[in-house]
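Undergrad: My questions will all concern the structure given below.
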Amino acid sequence: MRGSNTEQITALYCRLSQEDLRAGESLSIENQRLMLKDYADKNGFRNCQYYIDDGYSGVSSNRPDYQRMLSDVENGLIGTVIVKDQSRLSRNYLEAGRLMELVFPAYDVRFIAVTDGVDSANGINEISGIKNLFNDFYARDCSRKIRAVQRAKGERGERVGTTTPYGYMKDENKHLIPDPETAPIVKRIFEMSAEGKGVRKICDILTAEKVLTQSAYAAKRAGKQKTKSPYRWCLKTVREMLKNRIYCGDTVNFSTYTKSNKLKKTLKNEPENMLIFENTHEALISRMLFDVVQKRYEGRKKSDKFGETDKFAGYLYCAECGSKLYLHRARTLDPDKNNYMCGGYQSRVTDCTSHYIREKALDAIVQRCLNSVVALARDHTEEFYRMSLENGEAEAQKQLREDEKVRNEYETKITQLDNAIQLLYMDRSNGKITDERYDTLSASFEKEQSEIKAKLAALESKVDKMKLREKCIRDFISRAKQFTKITKLTPEILRAFVKRIEVYEKEIKHSRTCGNRIVIYLTVAPDKPIMVDRTETESGEMLIKNI
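My numbering puts the first residue of the sequence shown at 1, with every later residue one more than the last.
Structure (structure tokens):
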């Protein structure tokens with residue numbers, strides 16, 4: 001039941017956002033408190049209670065004390081609401097208008113905005129609506145300026161995110177550096193994924209070993225105590241970590257966006273709208289390891305009853321339609337009968353055939369093929385090096401020529417834009433163009449120049465293709481020397497030697513003697529595949545060609 005006016009609360013509402021803080025001391029919380037208290041005392045308001053939101057935007061209605069105040073209004077506990085000015089209540093003119101013209105009158109609440117001279121006891125005039133509109137314009141203008149600054153920073157390659165990613169810390173210059181406590185954990189998570197462990201299995205391992213979660217570690221660094229499940233890793237956290245390019249040294253800007261300053265929901269951006277800058281900080285994992293994990297996530301991610309994922313996920317493709325081949329297994333199925341089939345055939349999105357091949361048979365083929373290649377690289381190193389280098393030399397030289405041509409075009413364009421900006425400045429100094437025209441044209445030139453510089457930086461960050469190829473070959477040989485004979489295929493071995501595997505349909509469908517032809521692309525020479533003709537016999541014999 002509603003009490004008398006003397007029993008009801010006089011709500012003194014204060015709000016301060018980051019933008020308001022920059023506007024000056026006059027909008028500080030303490031200043032608002034003193035002003036409202038002084039006004040209430042001089043005008044005889046009693047039973048005053050503060051509702052304070054410090055660090056919250058007036059565009060949003062999701063403010064703790066703002067919502068508490070509205071709840072008290074709806075429960076009949078508040079008789080008067082006093083604010084410094086209307087913008088403290090809200091910078092959304094629709095929300096401010098709804099409160100002042102609908103909500104407060106409906107609950108007989110008197111509304112006072114001190115510096116705006118608004119008192120609902122005297123009626124709300126049209127000027128109040130105009131002020132709400134201008135408050136909205138101010139918020140929109142601030143948002144536009146902040147977005148422009150963030151856009152410029154992002155286009156220059158500066159990191160626009162505010163939170164420090166797990167695994168990193170910031171030095172005195174705000175640059176990302178590895179956190180000695182958490183960086184090894186990040187590397188281990190990627191390695192476990194590359195070894196074939198599913199996300200759920202990784203979470204179980206981290207939880208069992210009592211590794212602090214991201215939020216628990218952040219609370220610990222801030223000197224706070226997170227007692228509720230500090231070791232319980234969730235699937236989403238690990239999944240997002242395994243997709244994050246920041247861990248291989250790259251900065252990804254504009255991966256998310258919001259539609260407006262009023263709609264705060266974060267949406268994922270399209271890949272073409274993102275900007276990626278490589279090698280901007282120290283990597284926690286190698287780019288090869290990151291690519292292997294992404295390759296695994298291109299295939300089916302579902303793990304088996306032991307928490308292990310398909311080791312061929314992301315490697316296996318249909319040679320005819322290009323679809324991925326997916327593993328079929330079940331708890332009741334004999335593991336020897338686990339098999340792969342074409343995804344295009346299964347989903348009927350293509351007119352392809354099944355390309356049925358058993359997992360056990362595929363294991364044997366790839367294992368025997370790799371043993372032959374590894375033996376050649378190990379025992380005849382110089383010959384293997386010469387053959388591999390010749391395979392990619394022409395392509396590498398072509399790529400080098402194309403890169404050099406593009407680099408010259410970028411550098412020429414940057415010089416031309418520099419000259420254009422200087423001439424533009426001289427024209428403004430001589431009065432040939434107005435300041436407004438100069439600002440428009442120079443901003444356009446500088447934006448174009450910034451975009452080209454970003455492209456040039458990305459181009460120059462690439463390793464020389466010939467040196468990269470030579471390094472890949474030597475790494476391949478080095479890995480080959482670690483193996484005397486491959487007795488079991490593992491995700492690590494596939495990661496080291498295989499880039500892609502293509503499976504053809506049997507020449508005689510449903511035949512028990514005619515096998516699938518398989519093409520294996522090695523990491524060292526992806527442009528020179530190894531052709532494997534497989535004949536499925538009891539002895540398991542096969543022929544490997546073009547090694």
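Ideal Cβ placement from N, Cα and C applies to all residues, glycine included.
Following the continuous beta strand (DSSP E) through residue 11, name the residue where it begins and the one where it ends.
TA: On the sequence shown, residue 11 is found 11 positions in, with the first residue counted as 1. Unbroken beta strand (DSSP E) run through residue 11: 9-16.
Undergrad: Check whether the Cβ atoms of residue 501 and residue 316 sit closer than 8 Å, and answer yes or no.
TA: For this step, residue 501 is matched to residue 501 along the sequence shown. For this step, residue 316 is matched to residue 316 along the sequence shown. Contact flag set, yes.
Undergrad: Which same chain residues end up closer than 6 Å to residue 12 when comparing Cβ atoms and leaving out the 5 residues on each side of it in sequence?
TA: Here residue 12 refers to the residue found at position 12 of the sequence shown. The answer, listed in chain order, is 36, 48, 50 and 82.
Undergrad: For the region 199-206 against the region 231-247, are there 3 or more C-beta pairs whose distance is under 8 Å?
TA: Judged by Cβ distances under 8 Å, the region 199-206 makes contact with the region 231-247, as three or more pairs qualify.
Undergrad: Can you give the Cα-Cα distance for residue 463 and residue 377, rounded to whole angstroms?
TA: Counting from one through the sequence shown, the residue named residue 463 turns up at place 463. Counting from one through the sequence shown, the residue named residue 377 turns up at place 377. Low local confidence applies: a pLDDT of 48 at residue 463 is under 50, so the model's placement there is unreliable, with the coordinate-based value given in what follows. In a straight line, the C-alpha of residue 463 is about 24 Å away from that of residue 377.
Undergrad: DSSP beta-bridge partners for residue 48?
TA: To locate residue 48, count along the sequence shown from 1; it is residue 48. The partner list for residue 48 (beta bridge, DSSP) reads 10.
Undergrad: Could you give the DSSP three-state label for residue 318: helix, strand or coil?
TA: As a first step, residue 318 must be located in the sequence shown, where it is residue number 318. In the structure shown, residue 318 sits in a strand (DSSP, three-state: E or B).
Undergrad: Just to confirm, are residue 194 and residue 495 a CB contact at a threshold of 8 Å?
TA: Here the question's residue 194 lines up with position 194 in the sequence shown. Here the question's residue 495 lines up with position 495 in the sequence shown. Yes, the pair counts as a contact, with Cβ atoms nearer than the cut-off.
Undergrad: Please look up how many angstroms separate the CB atoms of residue 442 and residue 414, rounded, as I've assumed it's under 8 Å.
TA: Translated into positions along the sequence shown, residue 442 becomes position 442. Translated into positions along the sequence shown, residue 414 becomes position 414. Not quite, the Cβ-Cβ distance comes to about 15 Å (not below 8 Å), so this is no contact.
Undergrad: Can residue 252 and residue 276 be called in contact, C-beta distance under 8 Å?
TA: As a position in the sequence shown, residue 252 is number 252, starting the count at 1. As a position in the sequence shown, residue 276 is number 276, starting the count at 1. Their beta carbons are under 8 Å apart, which means residue 252 touches residue 276 by this criterion.
Undergrad: Helix, strand or coil for residue 79? Go by DSSP, reduced to three states.
TA: If you number the sequence shown from 1, residue 79 lands on position 79. Strand.
Undergrad: Compare the C-alpha of residue 186 against each of 135, 45, 489 and 246 and name the closest.
TA: As a working note, residue 186 is residue 186 in the sequence shown. If we check each option's Cα against that of residue 186, 246 comes out closest.
Undergrad: Give me whichever residues DSSP pairs with residue 160 in a beta bridge.
TA: Sequence index remark: in the sequence shown, residue 160 carries index 160 (1-based). Beta-bridge pairing links residue 160 to no other residue.
Undergrad: Where does residue 180 land, buried or exposed, given buried means 16+ other C-beta within 10 angstroms?
TA: The residue labelled residue 180 in the question sits at position 180 within the sequence shown. Burial call: exposed.
Undergrad: In the DSSP assignment, the alpha helix (DSSP H) including residue 203 goes from what residue to what residue?
TA: Walking along the sequence shown from the start, residue 203 turns up at place 203. Residue 203 -> alpha helix (DSSP H) spans 199-208.
Undergrad: If we count Cβ pairs, one from each stretch, closer than 8 Å, do we get three or more for the region 345-363 versus the region 437-451?
TA: No contact exists between the region 345-363 and the region 437-451.
Undergrad: Determine, using beta-carbon pairs with one atom in the region 143-150 and one in the region 165-185, whether at least three such pairs fall under 8 Å.
TA: In short, these stretches do not touch, since the Cβ pair count stays below three.
Undergrad: Can you say whether residue 100 is buried or exposed, counting buried as having 16 or more other CB atoms within 10 angstroms of its CB?
TA: Your numbering for residue 100 matches position 100 in the sequence shown. With 16 or more other Cβ atoms within 10 Å, it is buried.
Undergrad: Using the C-alpha atoms, what's the distance from residue 323 back to residue 508?
TA: On the sequence shown, residue 508 is found 508 positions in, with the first residue counted as 1. On the sequence shown, residue 323 is found 323 positions in, with the first residue counted as 1. Residue 508 and residue 323: Cα-Cα distance of roughly 21 Å.
Undergrad: Under the rule that 16 or more other beta-carbon atoms within 10 Å means buried, what is residue 505, buried or exposed?
TA: Counting from 1 along the sequence shown, the entry for residue 505 is found at position 505. Result: buried.
Undergrad: Would residue 90 be called buried (16 or more neighbouring beta carbons within 10 Å of its own) or exposed?
TA: Numbered from 1 along the sequence shown, position 90 holds the residue referred to as residue 90. Result: buried.
Undergrad: Residue range of the alpha helix (DSSP H) that residue 341 falls in?
TA: Here residue 341 refers to the residue found at position 341 of the sequence shown. That residue, residue 341, is in no alpha helix (DSSP H); its beta strand (DSSP E) goes 339-342.
Undergrad: Name the residue from 369, 455, 428 and 433 whose alpha carbon lies nearest to the alpha carbon of residue 488.
TA: Locating residue 488 in the sequence shown gives position 488, counting from the first residue. The shortest Cα separation from residue 488 among 369, 455, 428 and 433 belongs to 369.
Undergrad: CB residue 196 to CB residue 280, shorter than 8 Å?
TA: The residue given as residue 196 occupies position 196 in the sequence shown. The residue given as residue 280 occupies position 280 in the sequence shown. It is not a contact, given that the beta carbons lie outside the stated cut-off.
Undergrad: With DSSP as the reference, please indicate the residues paired to residue 168 in a beta bridge.
TA: Within the sequence shown, residue 168 is the residue found at index 168, counting from 1. DSSP lists 178 as partners of residue 168.
Undergrad: Return the chain-ordered list of same chain residues with a C-beta closer than 8 Å to the C-beta of residue 93, the five sequence neighbours on each side being excluded.
TA: What you label residue 93 is simply residue 93 of the sequence shown in a count that begins at 1. The residues are 129, 132, 133, 135 and 136.
Undergrad: Can you list, in chain order, the residues of its chain with a C-beta nearer than 8 Å to that of residue 311? Leave out the 5 residues immediately preceding and following it.
TA: As a first step, residue 311 is located in the sequence shown; it is residue number 311 there, counting from the start. Once the five neighbours on either side are set aside, the close Cβ partners of residue 311 are 196, 489, 490, 491 and 494.
Undergrad: At 3 residues or longer, what runs of the beta strand (DSSP E) sit wholly inside the region 206-260?
TA: As far as the region 206-260 is concerned, its whole beta strand (DSSP E) runs of at least 3 residues are 251-253.
Undergrad: Would you tell me roughly how many angstroms separate the C-alpha atoms of residue 75 and residue 218, rounded to the nearest one?
TA: Within the sequence shown, numbered from 1, the residue matching residue 75 stands at position 75. Within the sequence shown, numbered from 1, the residue matching residue 218 stands at position 218. Cα-Cα distance, rounded: 38 Å.
Undergrad: Identify whether residue 122 lies in helix, strand or coil by the three-state DSSP scheme.
TA: Looking up residue 122 in the sequence shown gives position 122. Note: residue 122 maps to helix in three-state DSSP.
Undergrad: Rounded to whole angstroms, what's the CA-CA distance from residue 306 to residue 175? Just pull it up for me.
TA: For the purposes of this step, residue 306 is taken as residue 306 along the sequence shown, with counting starting at 1. For the purposes of this step, residue 175 is taken as residue 175 along the sequence shown, with counting starting at 1. For residue 306, the pLDDT reaches just 49, beneath the cut-off of 50, and the residue's location in the model is therefore unreliable, although a value from the coordinates is still provided. Roughly 41 Å separates the two Cα atoms.
Undergrad: For residue 91, report the span of its beta strand (DSSP E) as first-last.
TA: The sequence position of residue 91 within the sequence shown is 91, counting from 1. Premise fails: residue 91 is in no beta strand (DSSP E) and is neither H nor E.
Undergrad: Which term fits residue 357, buried or exposed, when burial requires 16 or more other beta carbons within 10 angstroms of its beta carbon?
TA: One-based indexing of the sequence shown puts residue 357 at position 357. Residue 357 comes out buried.
Undergrad: Would you call residue 345 buried or exposed, if buried means 16 or more other Cβ atoms sit within 10 Å of its Cβ?
TA: In the sequence shown, residue 345 corresponds to position 345, counting from 1. Per the 10 Å Cβ criterion, buried.
Undergrad: Evaluate residue 355 with the Cβ neighbour count: other Cβ atoms within 10 Å of its Cβ, from every protein chain shown; 16 or more gives buried, anything less gives exposed.
TA: The residue you call residue 355 lines up with position 355 of the sequence shown. That one is buried.
Undergrad: What's the call for residue 229, buried or exposed, on a 16-neighbour Cβ count within 10 Å?
TA: Along the sequence shown, one-based indexing puts residue 229 at 229. Residue 229 should be labelled exposed.
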